[in-house]
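Data first, discussion second: the structure below is written as C-alpha cells.
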Amino acid sequence: MNVAQDSFVHLDPTNPFSSSRMDENAAYVDLWMGYEPPPERPMREVVAQVAAWRGESTAEVKKHLRVGAMLRRMPKLAESAKRLRHLCARRLQAIERQVCAVTDPGALAELDQRITDYLEPAAPNEALVQAPTITKNVRAMVIEVDEAAATRPADLRQRTGSIRRGAEGFTRISFNLPDDEGLEVRKYFEKLIHRLRAKRRQAGEITLADALLDTVRENTQVTVLHNLIERDDVTHLNGAGPLTSEQAARWQYGATPRVLNLHASAPGYEIPEAIRTTVELLDGHCRFPGCDVEADLCEKDHCEEFSQGGETSVDNLFCLCKFHHTMKTERQVFYRDLGDRELEWHFRNGHTMVTRPHGPAASRRFSGRSLADAEAARVRRRRA
C-alpha cells in the first residue's frame, strides 16, 4: 500500500471528527485484545463483572470479548487495525460473527490475510464500506475457504412466522426467514404489486398488504426472475448475498444459464433487465460513500446524462438509492468515473471521496489464494 496516496477518508488526523474516531477505534482494539480472562474462570462471572464496570448489557460485553479473541487469533488483521485505526466496533463484530466457527489453522490464516487485504485502502480518500457489506464479502470468503464454518443448520429452525391480534382492530403478521427465502418472498410481492397496479390502473396506492390479500383471495401466481453468479466456487444470489452449497443447489436446480455482457449497451433511455442486473452484480450496493442499500433496491443512474449524450450502458450506469439519486439529480453532489467503476464523489464544501464496487462480479485487486488453492478449486469445479 502506498501510504502517501491510498487512504480512507475517515483517517484524517487533522480533522477533529476523524481523529476522535481513530482514537476510539485504537482504544477499542487495544482494550479488548489486551483483556484475556483466565480460561478456567466461569464465563457468566467474567461477563457480569465487565458489564458492571462498563455499564453495558452482558450481550454487548460478549461481543467485545469475542472481538478480542478473534484479533488474538488473526494477527494480520489485528496489526492492520492497530496501524490504520480504521475499524470500529461494529465492523469488527461483523467480521467476528462470520469467522467465529473457523477452527482449522490453515483456513484461519488464509482468511486473516484475505480479510486484511480486503480492508486496506486502494485509492486516495476512499470511503470504507459499512458493516453489512463487510458481512456479505467476508461470509463469501468463509464459504469458499471453510464452508462448514459458514453453514448454520439452525437457520432453518429459526424460520418462523406468527399472526397475532394487536390493539385497535389490527392483526400483525410477521416472518423470520433466511436471506435467500426472504428475497424469494419480496420479489414475488414486488412483481404482484406491479401487476395489480396495471390491473387496477393505480400508481403508488397498492401496498404489500393489498398484494398479500390478493394472493390469499385469488390464489394469484406470478413468475419472478432471480439471478445467480458463481465466483471462486461461491454462488451469490443477487439481492441475498453468498449462498452455502445446499442453498445454491436449490436455486440452481432447473436454472437457465446465460452470459451477461459487462459492456452491454441499449439505444434508448430505458434500461433492459440484463443491463440492470449486470450493474447490480458489479456494484453490490448504493455507490454513495457509506451507503449500503442493496443494489437490487437501488435506482440506476446515468453517470454521463442521457440528455447530454451519455449511453444507457453498463459502463455508464451506477447504483444509487432513491435518496442519493435525488441528491445527485438536484446537484447537491456529483461524481465522476475514474475507471474500473471507481467513483470520485465531489461535495459542495470541496471535499472528495472515492468508492469502489463491492458486488460479486466486481474486479478484485487480489485473489487472496495461493496457486495451489486456485488449482485445487479448479479441480473441484471439474469434478462437481
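Residues 1 to 384 in UniProt numbering are what the sequence shown lists, from first letter to last. The C-beta atom is built at its ideal place from N, Cα and C for all residues, glycine as well.
Item to check | residue 1 (DSSP reduced to helix, strand or coil) | outcome: For this step, residue 1 is matched to residue 1 along the sequence shown. Because residue 1 sits at a pLDDT of 41, beneath the cut-off of 50, its placement in the model cannot be relied upon, and the point is left open.
Checklist entry - How long is the line joining the alpha carbons of residue 75 and residue 112, rounded to whole angstroms? => result As a position in the sequence shown, residue 75 is number 75, starting the count at 1. As a position in the sequence shown, residue 112 is number 112, starting the count at 1. Cα to Cα, residue 75 sits roughly 7 Å from residue 112.
Checklist entry - Rounded to a whole number of angstroms, what is the C-alpha to C-alpha distance between residue 2 and residue 116? => result As a first step, residue 2 must be located in the sequence shown, where it is residue number 2. As a first step, residue 116 must be located in the sequence shown, where it is residue number 116. Annotation note: pLDDT 41 at residue 2 (below 50); position unreliable, coordinate value reported separately. About 15 Å.
Checklist entry - Within 6 Å: the Cβ of residue 94 and any heavy atom of the ligand SAM? => result Only the bare structure without any ligand can be found here, which leaves the ligand SAM out of the picture.
Item to check | Whole alpha helix (DSSP H) elements within the stretch 35-73, 4-residue minimum | outcome: 43-54 and 58-73
Item to check | Residues near residue 311 in its chain [Cβ-Cβ closer than 6 Å; skip 5 each side] | outcome: On the sequence shown, residue 311 is found 311 positions in, with the first residue counted as 1. Excluding sequence neighbours, residue 311 sits near 265.
Checklist entry - Smallest Cα separation from residue 280: which of 291, 287, 138 and 295? => result On the sequence shown, residue 280 is found 280 positions in, with the first residue counted as 1. The option with the nearest alpha carbon to residue 280 is 295.
Next on the checklist: With H, G and I counted as helix, E and B as strand and the rest as coil, what does DSSP make of residue 331?
Outcome noted: Here residue 331 corresponds to residue number 331 of the sequence shown, with the count starting at 1. In the structure shown, residue 331 sits in coil (DSSP, three-state: anything other than H, G, I, E or B).
Next on the checklist: Quick check on residue 70: buried or exposed, where buried means 16 or more other Cβ atoms within 10 Å of its Cβ?
Outcome noted: Here residue 70 refers to the residue found at position 70 of the sequence shown. So residue 70 counts as buried.
Next on the checklist: Helix, strand or coil, according to DSSP, for residue 351 in the structure here?
Outcome noted: Within the sequence shown, the letter at position 351 stands for residue 351. In the structure shown, residue 351 sits in coil (DSSP, three-state: anything other than H, G, I, E or B).
Item to check | Whole alpha helix (DSSP H) elements within the stretch 124-174, 4-residue minimum | outcome: 131-145, 147-150 and 154-157
Checklist entry - Does DSSP put residue 341 in a helix, in a strand, or in coil? => result Taking the first residue of the sequence shown as 1, we reach residue 341 at position 341. Residue state, collapsed to three classes: coil.
Checklist entry - Taking the continuous alpha helix (DSSP H) assigned at residue 297, which residues delimit it? => result For the purposes of this step, residue 297 is taken as residue 297 along the sequence shown, with counting starting at 1. Neither: residue 297 is in no alpha helix (DSSP H) and is coded neither H nor E.
Checklist entry - What whole-angstrom Cβ distance do residue 304 and residue 316 have, given they're in contact under 8 Å? => result For the purposes of this step, residue 304 is taken as residue 304 along the sequence shown, with counting starting at 1. For the purposes of this step, residue 316 is taken as residue 316 along the sequence shown, with counting starting at 1. Going by Cβ atoms, the distance from residue 304 to residue 316 rounds to 6 Å, so yes, they are a contact pair.
Item to check | Exposure label - residue 346; buried when at least 16 CB within 10 Å | outcome: Along the sequence shown, one-based indexing puts residue 346 at 346. So residue 346 ends up on the exposed side.
Checklist entry - residue 57 to residue 51, Cα distance in whole Å? => result Residue numbering aside, residue 57 sits at position 57 when the sequence shown is read from its first letter. Residue numbering aside, residue 51 sits at position 51 when the sequence shown is read from its first letter. The straight-line gap from Cα to Cα measures roughly 6 Å.
Item to check | Residue environment, residue 385, which counts as buried when at least 16 other CB atoms sit within 10 Å | outcome: Absent from the structure is residue 385, since the part of the chain shown begins at 1 and ends at 384.
Checklist entry - From residue 40 to residue 21, what does the alpha carbon distance come to, in whole angstroms? => result Indexing the sequence shown from 1 puts residue 40 at position 40. Indexing the sequence shown from 1 puts residue 21 at position 21. Using only the alpha carbons, I get a separation of about 35 Å.
Next on the checklist: If you reduce the DSSP assignment to three classes, tell me which class residue 85 lands in.
Outcome noted: Stepping through the sequence shown from its first residue, residue 85 is reached at position 85. The answer is coil: DSSP assigns residue 85 none of H, G, I, E or B.
Next on the checklist: Using a Cβ-Cβ cutoff of less than 6 Å, which residues in the same chain neighbour residue 232 once the five nearest sequence positions on both sides are dropped?
Outcome noted: Your numbering for residue 232 matches position 232 in the sequence shown. Excluding sequence neighbours, residue 232 sits near 144.
Checklist entry - Do residue 239 and residue 359 have their C-beta atoms closer together than 7 Å? => result As a working note, residue 239 is residue 239 in the sequence shown. As a working note, residue 359 is residue 359 in the sequence shown. It is not a contact, given that the beta carbons lie outside the stated cut-off.
Item to check | Same chain, Cβ closer than 6 Å to residue 242, neighbours up to 5 away in sequence not counted | outcome: Looking up residue 242 in the sequence shown gives position 242. Contacts found: 139, 140, 143, 234 and 236.
Checklist entry - Taking C-beta to C-beta, are residue 224 and residue 278 nearer than 7 Å? => result The count along the sequence shown starts at 1 and reaches residue 224 at position 224. The count along the sequence shown starts at 1 and reaches residue 278 at position 278. Result no, Cβ atoms of residue 224 and residue 278 do not sit closer than 7 Å.
Checklist entry - What three-state label does DSSP hand residue 385 in the structure shown? => result Look at the range of the chain in this structure, 1 to 384, and you will see that residue 385 is not part of it.
Next on the checklist: In the DSSP assignment, the alpha helix (DSSP H) including residue 105 goes from what residue to what residue?
Outcome noted: Residue mapping note: residue 105 aligns to position 105 of the sequence shown, counting from 1. Start and end: 105-118.
Checklist entry - What separation, rounded to the nearest whole angstrom, lies between the Cα atoms of residue 89 and residue 28? => result Reading the sequence shown from its first residue, position 89 is the one you call residue 89. Reading the sequence shown from its first residue, position 28 is the one you call residue 28. Each residue's Cα considered, the two are about 7 Å apart.
Next on the checklist: Just to confirm before moving on: does the CB-CB distance between residue 127 and residue 290 stay below 7 Å?
Outcome noted: Working through the sequence shown from its first residue, we reach residue 127 at position 127. Working through the sequence shown from its first residue, we reach residue 290 at position 290. Result yes, Cβ atoms of residue 127 and residue 290 sit closer than 7 Å.
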